[in-house]
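Residue numbers (this note's numbering): 10 to 415.
See the structure below:
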């Protein structure tokens, strides 16, 4: 049986995994690092909202994985089957054993398309779409352009999900296109969310409600999609009043989401299946040589690329401190960013941390995140993709503020 040994093993070569590897290498180039991920392509997932609105071309949101692996890092193109943390060991699907001194789990989460009856088999056809998939985000834009009248549904499942604003971003950009095309008055828009409110941080709700009213959208809270009958064009939702049926000509679905099965079944998970970490240090609560970042861990922050960008330096610093026999150096404050695309050319830039504390990156005189601005749009459309590809994934830690621990 093949055995390999590394100083640090990182499971997952998504945004969090690659950024952490790059941040560690910037600090200590000589440590041996293995990145484990079978995917051949890396996706800039925040761009898919823009693909679904005809603003980005799909290829602009992807790169070959090989082009992004940090120099000096070994890429193992396999899947993890199980963890043996007591032995500092990972088992791969090939049967190979990977030994580590320290481990970072950044495997992301699982989109549970089969969690809604009728969704998987109709996704990308019959008026059923989702910006949560590279393959179907272009279909969103196709539907938006073609629909002239009828019913458009936009759904959001129970939390946690990645980018909690994305389901309503799809609604706003679609509605803005219909407004500009003169079709808005003939399209009934419904936002159906399993959550009890429109957005988890109250300060941003007034600006969003102005657009809900502008577009004539109906808000349906505690309304969770459970079944799609694509033949009859009916969506069935559970609600406190019982099941509700809604007809649709177009339905944009955000699928239910959960931790990957191999994480749920591991000794690393909490009762809900997520990697169990200290929310400040991102160090595992039971295994001190294990850290986690990105969507797979259980800290109560928004699961966004911006959050991963803030977490990578925390994990890099604290992992290397632990390696040197010292205490954690940085504390993650829960920072996450959700650029809410309320219309083409304007964004409400929500930036917040644990407990909904506002954590703006800019003074209000430059960019007021509580109001829709064109500057925030340019940040999202022009600057953030460049920061992602050329800074975050290269270990350049721009626009990051974390707490220094005593």
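Cβ coordinates follow ideal geometry from the N, Cα and C atoms, glycine included.
*Could you spell out where the alpha helix (DSSP H) holding residue 148 opens and where it closes?*
146 to 155
_For the pair the segment 131 to 148 and the segment 294 to 312, tell me if three or more CB-CB distances fall below 8 Å._
no
*Straight-line gap, residue 110 to residue 97 (C-alpha atoms, nearest Å)*: 7 Å
*What number of angstroms, rounded off, separates the C-alpha of residue 224 from the C-alpha of residue 17?*
50 Å
*Using alpha carbons as the reference points, say which of 41, 253, 15, 149 lies closest to residue 61.*
149
*What's the gap between the Cα of residue 313 and the Cα of residue 392?*
16 Å
*Kindly indicate which three-state DSSP category residue 391 falls into: helix, strand or coil?*
helix
_Three CB pairs or more closer than 8 Å across the segment 314 to 327 and the segment 390 to 408_ = yes
*Taking the DSSP output, what are the residues bridged to residue 208?*
According to DSSP, which records beta bridges pairwise, residue 208 is partnered with nothing at all.
*So what does DSSP say about residue 130, is it helix, strand or coil?*
coil
*Output the distance between the C-alpha atoms of residue 205 and residue 230, rounded to the nearest integer angstrom.*
5 Å
*Look up residue 286 in the DSSP assignment and say whether it is helix, strand or coil.*
strand
_Can you look up residue 344 in the DSSP assignment and give me helix, strand or coil?_
coil
*In three-state DSSP terms, what is residue 113?*
strand
*So, helix, strand or coil for residue 355, using DSSP?*
strand
*Start and end of the beta strand (DSSP E) containing residue 235?*
233 to 238
*Do residue 305 and residue 32 have their C-beta atoms closer together than 8 Å?*
no
*Span separating the alpha-carbon of residue 245 from that of residue 113*: 40 Å
*asked:* Let's test the definition: count the other Cβ atoms within 10 Å of the Cβ of residue 343 and tell me whether it reaches 16, buried, or not, exposed.
replied: buried
*asked:* By the three-class DSSP mapping on this structure, what secondary structure does residue 322 have?
replied: helix
*Hey, residue 25 and residue 303: beta-carbon distance below 8 Å or not?*
yes
*Proximity test, Cβ basis, 8 Å: residue 349 and chain D*: The structure shown has no chain D; it contains just one protein chain.
_According to DSSP, residue 93 sits in a beta bridge with which residue or residues?_
98
_Once the 5 residues before and after residue 221 are set aside, which same chain residues still bring their CB inside 8 Å of it?_
200, 207, 228
*Three or more C-beta pairs below 8 Å linking the segment 355 to 362 and the segment 322 to 339*: no
*asked:* Among the candidates 254, 258, 285, whose CA atom is the shortest distance from the CA of residue 268?
replied: 285
*Could you check where the alpha helix (DSSP H) with residue 272 kicks off and where it finishes?*
270 to 273
*Counted within 10 angstroms of its Cβ, other Cβ atoms place residue 388 as buried (16 or more) or exposed*: buried
*Quick one: what's residue 18 bridged to in DSSP?*
43, 112
*Report buried or exposed for residue 386, applying the criterion of at least 16 other Cβ atoms within 10 angstroms of its Cβ.*
buried
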